[in-house]
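K.L.:
Below are the structure tokens for one structure; questions will follow.
There are 2 protein chains.
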Amino acid sequence: MHSMVSGEKSERSGAPARSGAARTRGRPRSFDRATALEAALLAFWEHGYEATSVSDLTRVMDIGAPSLYAAFGDKRSLFEEVVQEYGARYGSFGDRALAEEPTARAGVERMLREAAAEYTAPGRPHGCLVIHAAANCSTAEVEESLRERRNANIASIERRIGADVADGALPPDTDAAALARYTGAMIQGMSQQARDGATRAELEALAEIALAVWPRG
Amino acid sequence: MHSMVSGEKSERSGAPARSGAARTRGRPRSFDRATALEAALLAFWEHGYEATSVSDLTRVMDIGAPSLYAAFGDKRSLFEEVVQEYGARYGSFGDRALAEEPTARAGVERMLREAAAEYTAPGRPHGCLVIHAAANCSTAEVEESLRERRNANIASIERRIGADVADGALPPDTDAAALARYTGAMIQGMSQQARDGATRAELEALAEIALAVWPRG
DNA sequence: CGTATTCACTAGTGGTCGCTACAAAAATGA
DNA sequence: TCATTTTTGTAGCGACCACTAGTGAATACG
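As you go down the protein sequences, you meet chains A and B in turn. Counting from 1, one number per residue, gives the positions in the first sequence under this note's numbering. Counting from 1001, one number per residue, gives the positions in the second sequence under this note's numbering.
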């Protein structure tokens, strides 16, 4: 769905991409695309979509503007690719927790505990890019795109809870939608807290309290 | 603390400001300052500090740029005054709940219920200005100013809880700081949810769940 | 070698940003 | 009436925004 975006050359079949070896015609790219993308990711993560200017991006990615546009398309395409990359590299702990733990309750517990660690991890921006990077964004499509991701996350929590209700692991009168929204709001609140200076230990204490609402322990 | 800001003439003692009557020398102002401030408040509330341009402001306030600068100082001063006004007109329900209810638990319960209503009230932006309007803000002072307000709110929740612990209304082993941070995160999550489309009923259901963590009912 | 192809760099484009100089307009005080 | 004071609208300031035309450099192909 996201491959073949403007500016990215098609990787021809055969001839696997050797890192240092040149494969295509023309002058080879002088920078590592993945490294530049990671730098853009950190910038967008820390400052958000609008507050990160193309000039900021070319500085942290250490490339010229024409190189940026040739390799990633315009600012919005670059941001979309950054969001994709963020989801794969940093934002997947929640889905993994829900998928790998035996119950919804255990999945949410792990999700909240890992959020406390992830959102305060040293050496990178605090909080969640998906929650913050398109806040107050005048480009409506960008704001809407992250909003959909957030709501999709809550929907997947709700499905996981619903599955436990269906097979009896949770009481039949459980309000899966409300419990999922509660959990999502908790995650979002934790991300905001992390941005506002809360430590990992403080977020863990908060998560501990949040888990007390679940039926059964 | 915020009076006598640049651009605002000092109200001389005596001669109370009659609304229509002119009192000072010079050409009288052709717009109502409070009305213009309210328009700016709504714009900042909806779009945030950076995404609301001075051009946007002059349009919704229905005044020219020089009038804006003469009456309110620069964009940052106007925003600070808007935040002050927001706190007085829309953001005071939490403090009131904590002050007027007999226990911390009752105060927080009322705070969360009222947040569900306030953050989804029809005819005005959803969510909380203090939580969202300076997200991803490249003017560090503005971002920091709202951050301090958020953390001050949590601190006042903590003090209210601590008071109940001190006089025995809550168990002595209650972690007031964690419970306050939990409550603050809940409020912030609810505000984000309101921005993402949650209804008042959905937020009330969420608040109901959040209240289940409190010792005693 | 020459040619085709792709990239990098310089130097901009038009547009919007926050903000203001300037002079006409509208009030008061003498 | 005339001078003073303050607000108003026009018009535009320099700075930054996202973005790109155009030229030369660096590679592969033939």
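All residues carry an ideal CB built from backbone N, CA and C; glycine is no exception. Keep in mind it's a predicted model, so treat the numbers as computed, not measured.
Going by Cα to Cα distance, which pick from A/L78, A/I157, A/D164 and A/G64 is closest to A/A178?
P.N.:
With distances taken between Cα atoms, A/A178 lies closest to A/I157.
K.L.:
Would B/S1138 pass as an interface residue toward chain A - the criterion being a Cβ-Cβ separation below 9 Å?
P.N.:
It does; some Cβ of chain A falls within 9 Å.
K.L.:
Between A/A104 and B/N1151, what straight-line distance do the alpha-carbon atoms span, to the nearest angstrom?
P.N.:
So the two alpha carbons sit approximately 32 Å from each other.
K.L.:
Secondary structure at B/T1256, three-state DSSP: helix, strand or coil?
P.N.:
As displayed, chain B neither begins before 1001 nor continues past 1217, which places residue 1256 of chain B out of reach and without an answer.
K.L.:
Quick check on this structure: which residue in A/E202, A/L42 and A/E100 has the alpha carbon closest to the alpha carbon of A/G123?
P.N.:
Measuring from the Cα of A/G123, the nearest candidate turns out to be A/L42.
K.L.:
Counting Cβ pairs, one atom from each stretch, are 3 or more of them under 8 Å apart for the region 1065-1072 of chain B and the region 63-75 of chain A?
P.N.:
In short, these stretches do not touch, since the Cβ pair count stays below three.
K.L.:
Could you check the C-alpha separation between A/E204 and B/A1134 for me, to the nearest Å?
P.N.:
Approximately 26 Å between the Cα atoms of the pair.
K.L.:
How would you label A/V54, buried or exposed, when you count the other beta carbons within 10 angstroms and need 16 or more for buried?
P.N.:
The residue in question, A/V54, is exposed, as its Cβ has fewer than 16 Cβ neighbours within 10 Å.
K.L.:
Candidates B/A1166, B/L1112, B/Y1119 and B/L1078: which alpha carbon is nearest B/Y1090's?
P.N.:
Nearest of B/A1166, B/L1112, B/Y1119 and B/L1078 to B/Y1090, Cα basis: B/Y1119.
K.L.:
So, is the C-beta of A/D196 closer than 9 Å to a C-beta in chain B?
P.N.:
Yes, contact with chain B.
K.L.:
Report the residue from B/T1024, B/H1047 and B/I1063 whose alpha carbon sits nearest the alpha carbon of B/R1032.
P.N.:
The displayed chain sequence assigns Asp, not Arg, to residue 1032 of chain B. Considering only alpha carbons, the answer is B/I1063.
K.L.:
Given a threshold of 16 other Cβ atoms within 10 Å of its Cβ, counted over all protein chains shown, does A/T199 qualify as buried or as exposed?
P.N.:
Classification of A/T199: exposed, given that the 10 Å Cβ count is below 16.
K.L.:
Quick one: what's got a C-beta closer than 8 Å to A/I154's C-beta in the same chain, skipping five residues either side?
P.N.:
Cβ neighbours of A/I154 beyond the five flanking positions: A180, R181, T183 and G184.
K.L.:
Do B/V1108 and B/A1097 have their C-beta atoms within less than 9 Å of each other?
P.N.:
Their beta carbons are under 9 Å apart, which means B/V1108 touches B/A1097 by this criterion.
K.L.:
Could you check whether the Cβ of B/A1039 sits closer than 9 Å to any Cβ belonging to chain A?
P.N.:
Not an interface residue.
K.L.:
Would you say A/A22 lies against chain B (beta-carbon separation less than 9 Å)?
P.N.:
Any reading at A/A22 needs caution, since the residue's pLDDT is 41, under 50, leaving its predicted position unreliable; the model's value is listed next. Chain B contact via Cβ: absent.
K.L.:
Quick check on the burial criterion: 16 or more other C-beta atoms within 10 angstroms. Buried or exposed for A/A176?
P.N.:
The residue in question, A/A176, is buried, as its Cβ has 16 or more Cβ neighbours within 10 Å.
K.L.:
Let me make sure I understand the geometry here. Which of B/R1059, B/L1146, B/S1145 and B/L1037 has the alpha-carbon closest to that of B/E1085?
P.N.:
When each option's Cα is compared against that of B/E1085, the closest is B/L1037.
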